[in-house]
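Residue numbers (numbering that gives the first Met the number 0), protein chains in the order written: chain A, 0 to 338; chain B, 0 to 338; chain C, 0 to 601; chain D, 0 to 601. For every residue, glycine included, the Cβ atom is placed at its ideal position computed from N, Cα and C.
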Amino acid sequence: MNQQLTAKDFTTDQEIRWCPGCGDYAIVNAVRKTLAQIGTSPSDVAFVSGIGCAARFPYYIDSYGFHTVHGRAPAVASGLKLANPELDVWVVGGDGDFLSIGGNHLLHALRRNIDLNLLLLNNAIYGLTKGQYSPTSPPGTRSPSTPAGSVDRPANAVQFALGAGARFIARSADTLPNHLPEVLTRAHAHKGASLVEILQNCIVYNDGVWGGMADKTTTQELSIRVVHGEPMVFGKESDKGLVIDFESGNVSIIHEADGPVAERATVYNETSWVMANAVARMEGEDMPTAIGVIYCDPVEDYITSLRKKIPFKVMNKDDLKDLLYAGGTWTRDEQSDPE
Amino acid sequence: MNQQLTAKDFTTDQEIRWCPGCGDYAIVNAVRKTLAQIGTSPSDVAFVSGIGCAARFPYYIDSYGFHTVHGRAPAVASGLKLANPELDVWVVGGDGDFLSIGGNHLLHALRRNIDLNLLLLNNAIYGLTKGQYSPTSPPGTRSPSTPAGSVDRPANAVQFALGAGARFIARSADTLPNHLPEVLTRAHAHKGASLVEILQNCIVYNDGVWGGMADKTTTQELSIRVVHGEPMVFGKESDKGLVIDFESGNVSIIHEADGPVAERATVYNETSWVMANAVARMEGEDMPTAIGVIYCDPVEDYITSLRKKIPFKVMNKDDLKDLLYAGGTWTRDEQSDPE
Amino acid sequence: MVVRFAGDSGDGVQILGSEFAKSSALNGHDLITFPDFPAEIRAPVGTTFGVSAYQIQFGGPLVLTHGDEVDVLIAFNPAALKTNLHSLRLGGLLIIDEGAYTPRNYKKAGYEGDPLEDEELAKYQLLKIDITARTHEAVDAMGASKKQGDRAKNFWALGLVYWMFGRDRQETIDWIKTKFAKIEEVAAANTGALNAGHAYGETMEIGADLAAKPQQAALPNGTYRAITGIDAMSLGLAAAATCSGMKLAYCSYPITPATGLLHGLAKFQAKGVITFQAEDEIAAVAAAIGASFGGALGITGSSGPGIALKAEAMGLAVGAELPLIVVNVQRAGPSTGLPTKAEQADLLMAMYGRHGEAPCAILAPATPAECFQVMLDAADIALTYMTPVIVLADGYIANAAEPWQIPDVDSLPDLKPKFHTDPEGFHPFLRDEKTLARAWAIPGTPGMQHRIGGIERGANNGHISYEPENHQQMTNFRAEKIAGIANDRPAITPDLGPSSGKLAIVGWGSTYGAIHGAVNELNKDGKDVAHIHVRQMSPLPRGFEELLRSYDHILVPEMNMGQLVKLIRAEYLIDAKGLNQVTGKPFKVGKIKQTALDMLEN
Amino acid sequence: MVVRFAGDSGDGVQILGSEFAKSSALNGHDLITFPDFPAEIRAPVGTTFGVSAYQIQFGGPLVLTHGDEVDVLIAFNPAALKTNLHSLRLGGLLIIDEGAYTPRNYKKAGYEGDPLEDEELAKYQLLKIDITARTHEAVDAMGASKKQGDRAKNFWALGLVYWMFGRDRQETIDWIKTKFAKIEEVAAANTGALNAGHAYGETMEIGADLAAKPQQAALPNGTYRAITGIDAMSLGLAAAATCSGMKLAYCSYPITPATGLLHGLAKFQAKGVITFQAEDEIAAVAAAIGASFGGALGITGSSGPGIALKAEAMGLAVGAELPLIVVNVQRAGPSTGLPTKAEQADLLMAMYGRHGEAPCAILAPATPAECFQVMLDAADIALTYMTPVIVLADGYIANAAEPWQIPDVDSLPDLKPKFHTDPEGFHPFLRDEKTLARAWAIPGTPGMQHRIGGIERGANNGHISYEPENHQQMTNFRAEKIAGIANDRPAITPDLGPSSGKLAIVGWGSTYGAIHGAVNELNKDGKDVAHIHVRQMSPLPRGFEELLRSYDHILVPEMNMGQLVKLIRAEYLIDAKGLNQVTGKPFKVGKIKQTALDMLEN
Ligand SMILES: Cc1ncc(C[n+]2csc(CCOP(=O)(O)OP(=O)(O)O)c2C)c(N)n1
Ligand SMILES: Cc1ncc(C[n+]2csc(CCOP(=O)(O)OP(=O)(O)O)c2C)c(N)n1
Ligand code: SF4
Ligand code: SF4
Ligand SMILES: [Mg+2]
Ligand SMILES: [Mg+2]
């Protein structure tokens, strides 16, 4: 397409059925905006999703859409991409969809490095089924299935993806209307499987789970934008920084008061699994949440590797004949009936 | 049990049906030996497995055994342990069983930290179904399903387990009759989910996949036993060492020729995820394979946490009465039939 | 008497309904309630897809369904009117909250013009009250915020209907006090609204002209509670734990409408129930099987899509011959289908949805209250025969409520399993001669180590066996074991009507009420019709063929395209006819009655 | 003439068998072969569970099964004797390798004493040859190692049977040359052994007394190859790709006995087939569905346990109305069951093993060669009706081989799908009036963006719809669409025998040969019996009821506990009787014949 697309070009006539105030609204807007900027024609884009509130996504994006079954979207999308590699394939799911029932498919899609853009809308709860705890819920989460509080140790999506061998991992949030499209654009540009964890607020069942992330002022205190080649500085006044102790992998906060943070903070390197792991694992009251492209270290994607070994062609009659006549054949050419 | 048990006490009368020369024989022997040393009565031990050559394990251990369905053993074992927490539960599976079809169950068993001993017999191939490549097969593996060589990037069991949040991860091999029981004993002692990856040779479909590991002399050159608190030294003559560059996470080899390796090699710390990841990720021609307890950093196991919140009791009639009468009740006590 | 409340999801319709139901029960009525949730969690306010409704039929001597037609409809907004008006009988009473019928709102609901001006409404008794305004009048002075005032209008409406049906407000006032103990002004506002609604009704003499005053229930004396099917299942399972003296392990993954069972049992954790929210349905059934292997009673539950995922592992339980209960709260399919709507289309999947010959027992409760006993039966069968038992409920039974006489705990059956502890001659496929159940020795028992699994086992030693004849024998055992259950359980008899005659209407599951109601009416009209309700779907009950043969015609109404009817035809070669409906909605009594009349005429 | 080779897994029995089969075909015989693998990969040498066997029936005019009874049995070791002797007919020729009958070996096989001393063997013509020694004599001089010499004994035995049946050795010698091109001494040893075995037979005049010399095949002129069912399926799918001009995406997870399809199609990758080894069966079917969504022909295949796992996603394909082929190579169940043995017990799972009303088309090939055409038919139906098609093969059909006349590529049908490209009035649930197929527009087509999924869709606009009547309508469409397939496809006729009469034996799948053989014999004996073979299991074929009604009795032999018989009874209320066997082994002609005779007598 030549003319400039707008978010409207990616908007369907379907009424949105999320709860008023749900973080998914902002995400769908950010995605539409990103798609318009990327400029692929809507007819060359496909959205595949599982089941859940997040998985309603395809209805709201004017593209080819497939709302499949719970947990299987990465597998469906893998088949779609294999069959139709020119498509721009996006996969959307919730934390239950991607990490609970669908954990294995996500693992293998990441490991295989099929060129998919995987958006994990993490609200740390099962929204659609009315609020049970999910694999990303913090320990102690009280929910209808854990009335006394959960005891499971949660899965960390970034850490999981690193363990799965993912080559592109990013994180953003529903509350970051400018940051999110940036990250999505990077994910799209990455050839291979790209996982974007989007922290999302479920206003009905898990309101405020991401704490101050929702609030503009606190966001800057409570999150840090990691940027390749730049020191890890955060805070409204850019007065805090992070230093990674590489030997332990622990991260600590430094303050401007103790000297210029921009000089002392660790310079982020998005190709480093050590840094990626370190910022993914940061925990504790004051520690900020890392957002941005946390890891990006491209290797050849599955289909490219495959096609180098086996160039794709459509089977024709001669090919078929070759196959039919392979192996031993014999010809029967009796003039009359055998005895 | 008071009297000293022997491997024989854990041996069944079932004829072993693995191929002659299969690495699984040595593993079953090591497990029997370990069990005898641990000394739990065979009747308090349970082995749960999925399907595959490796998963035949329960038939050869005299304990309670359950040969379930492909990939589901960690889930079956989780239920078993929840219902019967006093049992010593071991779960055995192949790389297909644990990491392909069963990847999600393994992820969640590790994350939840249920006290299971999980033995992953990794031969980097599907043995039982006659030799297709598996998620741990090296790229380029030629197999009946990948005649041109595989293009998938393999899963690394240790790295995966770290990403899943496992708190005990070890590695050994079928060819290490002394090392393996040591590691198994440690795994058993760890309260919580313990994953032991056992490199295993499939003599029929993937002979030699672990290279020189099979050979006594080369083993010492090609593997390194990581030991908590000790420098990473290896080689028959202990003439090589490993140094971790913490910033990049890369590992390099140092040689005695350049100075005493024991002093220069990095001292291994099994509680460090950085080191665990670093030695799990080492790659390259000369790099040894790390064996031993690669990561051990205990946290409270699932059942202990659960029982702290909700002490277990058996439901009695009074409990039941409470439940039946909860909520609004009313009593009907008419003398005669209503109109 | 059938009353239906309908409003926006945020209007508190479900609370209103359930409080009214409680009061109806306390007033001595029999009743059935049915909440009708929207598919969305919280759709935008005022849209048709955000409408939540609650219907109740109360009266006596017996109430069988939540009612085909509504006598009184309270529609809080235009969207509620739009989606619910069709349920109101001609001449029925329609109460609307005038304050909500603004142009903005009726456009949101998809009306072109003001629906209250529509001639259509002339068919009903229309009562327009500005409930919102009346509520604010009553509560604003009490210090409630605007929002709290808005929210109290359900209690205002409750007060009104309490007046209309002569109910006492005290129970509800007490309930409000406890429920909102922490937010005093809300408690005050709600109570105030309740009283105001009641006073309004009294002043305006609303409902004085309501046709027939509902009758009292013909229920036996005893202590009752209102119970939904899903709660009755939870309690039935809790009872099974007590009666068997076993640990109960409920392993599940959330899915509508089965989730309530997980929620219900999770609440019982402190009493000794183990609940486990697994990573998916396969893990859930696998964990339940593991729990059973470990000597607990393993249970899993889900709805259609999740049950489909469990098929492979259920085969393992069949092969390993372990007790297991699998609850399927059916919903409309195929695939995601209509998740909040009811259907009975998983019967044949329950029968045949596993590879190989893998027979299971299958039970189906007919009413919400019956779910309690069915769960005890399921546990009994699972433990007596060492077999998976599938329980087929559906979204209607799960959510509908009716009064339930609380059973005497001491009279509940003894379900204690006989664990084997004697190693002498033991192997795990030793069979009980009568039940054909295999011997169960649980891990931890000294000296009884053994191995089971999904590969075929030698009938004589329990070891893996690839012997052709052994496979035939074990297959026969598994089939005969399930078939034999019928012998030990009661023969089937009609639920209503003659035990032979012109027509039997045969149902299963949640069609109970509609069929019973229809047969009741037909009998009253002197028609020779019986109602036979199957609760034991596999094996089919003892005496079923003979009973069916004693009628000239068999009609099988099902909320599917004909599944039980297929089993009857295949099993007995009886030319049973299906009456089938898959609209996600329960049958209406009238439809069944009419079909029966048509059949009787031919 | 039926010959069976049996030996240790390491004895090269499968090579021996397939070379002999090739030579039989080249000699103008019709034939069916059946390899009988052990369940273990490589069990310890000499054990009964490590025995591998290969059976072939060859002759003419038509060969229908691999033979009920064996005429010539070659047992390479005591374990092979132990597990295979029962198959030899009384008076049959038993050839044993004397060298292998050591006490150590016969004890390993579970014999107490030397089995060759057993009086039992008097019932057969016993021929003891020290094949091992004879082979070494022949090849040791050729520079082969001990091991290579040991391994050549299968070729020695092949030489012997070549002599016995007057076969030419040249093809095999050529084959050896190519096969072992890289290891010359092995090629030499094998050829040497082959010649030596032949010479031995000639010298000793072995087989001169073999009863009847086998007849020639009555096959039409043409070019043939021997083909197993699994290879015919692969080729059929390859042909479907060519005929449809579509990409073919075969997504699967290994499982015995379906794996061959993945292996077979993986070999065709360079010709344009996409194969994808997924992480599990659910991912496999999901990827196939994704491929179909993308405009390819998505195919998945597995065996019982794996098919059970696919149930949920297959429901999605039903709901989304996408083309999909699901191949189930059935094996004995339940659960892991007997993985290497055949059974037909997944028919009802194929019919009903999905939640909700989720009808699919189901086809079942009757013979190995037929698999080619059935795959083309499956693709045709999937594309024409936008529906999943299940193909039910089994372990017997998959592994058995028979001659197959290679079709003329130009005469294959045109399967090109009509993709929608015109946005005018388009929505994805627009239906073709005749077939009821929905409109298929594939991603990448300009202007045709739309969304599909598993939630019920509005019949008129393709959007999500929770409307009760719409659900009924869509359910009806899905049912009628599948039912309608029967109209467009041929009516069923008997495969053999009269089109009305006393008895029809009705089968499906791999029982074909045994039933055909039995009916053939019965007809020859003047019995009024027909063979009807169903290849279209869903919808049942046009004219089936009328055809069935034209016989007094219906007998349905199945390798299950009675599944097709249930469908027939339920559908037509015809009192069809089952003949059921679940031993993991195919029926014997004799058993079917005898049952038919018994039925005819009553
Ligand atoms: C097989 C299957 N199991 C369960 C469900 C029920 N279900 C639907 S969405 C969902 C989880 C929703 O959580 P998440 O994926 O985090 O999405 P969210 O609603 O929070 O956006 C579940 C359990 C289903 N539809 N299918
Ligand atoms: C549901 C299901 N899918 C597939 C199979 C077939 N199958 C059995 S074992 C196996 C994989 C074996 O590989 P691995 O787990 O690595 O064990 P190994 O045999 O190598 O020890 C497969 C695919 C099965 N039994 N069940
Ligand atoms: S339930 Fe939560 S996640 Fe779902 S739509 Fe509502 S606010 Fe959003
Ligand atoms: S196939 Fe491989 S893994 Fe399996 S028993 Fe044989 S050698 Fe061992
Ligand atoms: Mg969520
Ligand atoms: Mg393996």
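Reference residue i, options the options, closest by Cα
i: A:P287; options: A:Q219, A:L98, A:S171, A:Y132; result: A:Q219
i: C:G543; options: C:K523, C:A307, C:E557, C:V505; result: Gly is not the amino acid found at residue 543 of chain C; the sequence shown has Phe there. When each option's Cα is compared against that of C:F543, the closest is C:V505.
i: B:S149; options: D:T255, D:S233, D:A277, D:L236; result: D:A277
i: D:L315; options: D:L80, D:N601, D:A285; result: D:A285
i: D:I172; options: D:E18, D:E136, D:N26, D:E311; result: D:E18
i: C:I226; options: C:I396, C:I484, C:S8; result: C:I396
i: C:N220; options: C:D551, C:I405, C:R330; result: C:I405
i: C:N519; options: C:I567, C:P556, C:G589, C:K584; result: C:G589
Assigned secondary structure, residue i (DSSP; H/G/I helix, E/B strand, else coil)
i: A:V292; result: strand
i: B:T217; result: helix
i: C:A210; result: Residue confidence is low: C:A210 scores 49 on pLDDT, short of 50, so the model does not pin down where it sits. No coordinate-derived value is stated.
i: D:R450; result: strand
i: D:H552; result: strand
i: D:P387; result: strand
i: B:P337; result: Caution is warranted here: a pLDDT of 45 is assigned to B:P337, below 50, making its placement in the model unreliable, and the coordinate value is therefore given only provisionally. Residue state, collapsed to three classes: coil.
i: B:Q13; result: coil
Residue i versus residue j - alpha carbon distance
i: A:V182; j: A:M212; result: 17 Å
i: D:T335; j: C:P387; result: 17 Å
i: B:A279; j: A:L98; result: 23 Å
i: A:M314; j: D:A240; result: 7 Å
i: C:A210; j: C:M163; result: With a pLDDT of 49 at C:A210, under the threshold of 50, the modelled position of that residue is not reliable, and the figure given next carries that caveat. Approximately 12 Å between the Cα atoms of the pair.
i: D:G443; j: D:A458; result: 24 Å
i: A:F46; j: A:I60; result: 8 Å
i: D:D117; j: D:R103; result: 17 Å
i: D:V185; j: D:G259; result: 28 Å
Assumed close pair residue i, residue j - CB separation to whole angstroms, cut-off 8 Å
i: C:K152; j: C:I182; result: Not a contact, Cβ separation roughly 17 Å.
i: D:F4; j: D:D29; result: In fact, because the Cβ distance is near 19 Å, the residues do not count as touching under 8 Å.
Three Cβ pairs or more, each shorter than 8 Å: is that satisfied between the segment 25-43 of chain B and the segment 177-193 of chain B? yes
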